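*Asks:* Mapping of the sequence shown onto this note's numbering: position 185 corresponds to residue 344, and the numbering continues sequentially without gaps.
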Amino acid sequence: MTPVADLLLIEDDETIGGSLRDSLVADGHQVRWATRAAEALEAARADRYALALLDVGLPDLDGFEVARRLRDLQPACVIVMLTARTDEVDVVVGLEAGADDYLTKPFRLSELRARVRAHLRRGAPAQVGPTLVGALAVDLAARRCRLGEVDVVLRAKEFDLLARLAASAGEAVSRHTLMSEVWDENWYGPTKTLDVHVAALRRRFAEAAAVAAVPEPRITTLRGHGYRLER
Ligand code: CA
Numbered sequence: 160m161t162p163v164a165d166l167l168l169i170e171d172d173e174t175i176g177g178s179l180r181d182s183l184v185a186d187g188h189q190v191r192w193a194t195r196a197a198e199a200l201e202a203a204r205a206d207r208y209a210l211a212l213l214d215v216g217l218p219d220l221d222g223f224e225v226a227r228r229l230r231d232l233q234p235a236c237v238i239v240m241l242t243a244r245t246d247e248v249d250v251v252v253g254l255e256a257g258a259d260d261y262l263t264k265p266f267r268l269s270e271l272r273a274r275v276r277a278h279l280r281r282g283a284p285a286q287v288g289p290t291l292v293g294a295l296a297v298d299l300a301a302r303r304c305r306l307g308e309v310d311v312v313l314r315a316k317e318f319d320l321l322a323r324l325a326a327s328a329g330e331a332v333s334r335h336t337l338m339s340e341v342w343d344e345n346w347y348g349p350t351k352t353l354d355v356h357v358a359a360l361r362r363r364f365a366e367a368a369a370v371a372a373v374p375e376p377r378i379t380t381l382r383g384h385g386y387r388l389e390r
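Laid out in structure tokens, this is it:
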């Protein structure tokens, strides 16, 4: 079953935007299509969206800046950047600006739809209590992470990644498993996304641990394999 949701499509190209919108609407989603950054940010101020598709090349504002502002307005919204740039530096800039995932143009509609489906499925609340790893509590149903008494505010994909690592706390989880389970079922592309998200988690843990006055949760890098969240 395809989960349906309110989506925000930000694309100035009429042809691309139109076909993306039609295809997402055909999947049952409600789609708000903005052709300008200003219009998109106005929509994000007014309504809540589960996922945003964001074209990097917009006429009125740099796409990375749009991602930053969108992220501030809607912390839980999954942001998928649509980029014509294949340069890895740009991908990293995009992820650091707040994007959760990216698709490089040209892409097939079927690929985009599968990616949207995968993101929305993982966003659906699970019926389980919080997973505890030391002072760290990861609550899947509430999509909330606490360290001691302090709330750790995470972006959508950071939370998903932490949830996966916490489910196997104390065990090694391979890069392939993390990429395929947290990002896409059939992932075989670059995995820089993963490292950027792990770095973000470490940063947020360090900040929260300082405030909560509890030991910092540790994510160990396993060279040539993956990561392990220490118990
Ligand atoms: Ca464009």
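Quick reminder that beta carbons are idealized off the backbone N, C-alpha and C, glycines included. If you're wondering where the values come from, they're calculated on a predicted model, not measured in any experiment.
Secondary structure at Asp165, three-state DSSP: helix, strand or coil?
*Replies:* In the sequence shown, residue 165 corresponds to position 6, counting from 1. Note: Asp165 maps to strand in three-state DSSP.
*Asks:* Considering only heavy atoms of ligand 1, list every residue whose Cβ is less than 7 Å from one of them, following chain order.
*Replies:* That gives Glu170, Asp171, Asp172, Asp214, Gly216, Leu217.
*Asks:* Put Leu353 into one of helix, strand or coil per three-state DSSP.
*Replies:* Translated into the one-based positions of the sequence shown, residue 353 becomes position 194. Leu353 falls in the helix class under three-state DSSP.
*Asks:* Under a Cβ-count criterion, where at least 16 other Cβ atoms within 10 Å of its own Cβ denotes burial, should Gly253 be classed as buried or exposed?
*Replies:* Position 94 of the sequence shown holds residue 253. When all chains shown are included, Gly253 counts as buried.
*Asks:* Helix or strand or just coil, what does DSSP make of Arg207?
*Replies:* For the purposes of this step, residue 207 is identified with residue 48 of the sequence shown, where counting begins at 1. Coil.
*Asks:* Cα-Cα, which of Val190, Ala258, Arg305, Asp219 is closest to Glu366?
*Replies:* Residue numbering aside, residue 366 sits at position 207 when the sequence shown is read from its first letter. It is Arg305.
*Asks:* Pick out whichever of Asp231, Ala226, Ser269 has its Cα sitting closest to the Cα of Val251.
*Replies:* Taking the sequence shown and counting its residues from 1, the one referred to as residue 251 is at position 92. Among Asp231, Ala226, Ser269, the Cα nearest to that of Val251 is on Ala226.
*Asks:* Measuring only the C-alpha atoms, how far is Ala285 from Phe266?
*Replies:* Your numbering for residue 285 matches position 126 in the sequence shown. Your numbering for residue 266 matches position 107 in the sequence shown. Low confidence applies to Ala285: its pLDDT is 44, below 50, so where it sits in the model is not reliable enough to give any reading.
*Asks:* Any idea what DSSP makes of Thr263, helix, strand or coil?
*Replies:* In the sequence shown, the residue the question calls residue 263 occupies position 104. It is a strand residue.
*Asks:* Figure out for me which residue from Arg362, Asp319, Val215 has the closest Cα to the Cα of Ala243.
*Replies:* Reading the sequence shown from its first residue, position 84 is the one you call residue 243. Nearest C-alpha to Ala243: Val215.
*Asks:* Using a Cβ-Cβ distance cut-off of 8 Å, determine whether Asp181 contacts chain C.
*Replies:* Among the chains in the structure shown there is no chain C, since it carries only a single protein chain.
*Asks:* Following the continuous alpha helix (DSSP H) through Arg334, name the residue where it begins and the one where it ends.
*Replies:* On the sequence shown, position 175 is the one that residue 334 refers to. Here the alpha helix (DSSP H) through Arg334 covers 334 to 337.
*Asks:* What is the rounded straight-line gap between the Cα of Gly187 and the Cα of Val237?
*Replies:* Start at 1 with the first residue of the sequence shown, and residue 187 comes out as number 28. Start at 1 with the first residue of the sequence shown, and residue 237 comes out as number 78. Each residue's Cα considered, the two are about 18 Å apart.
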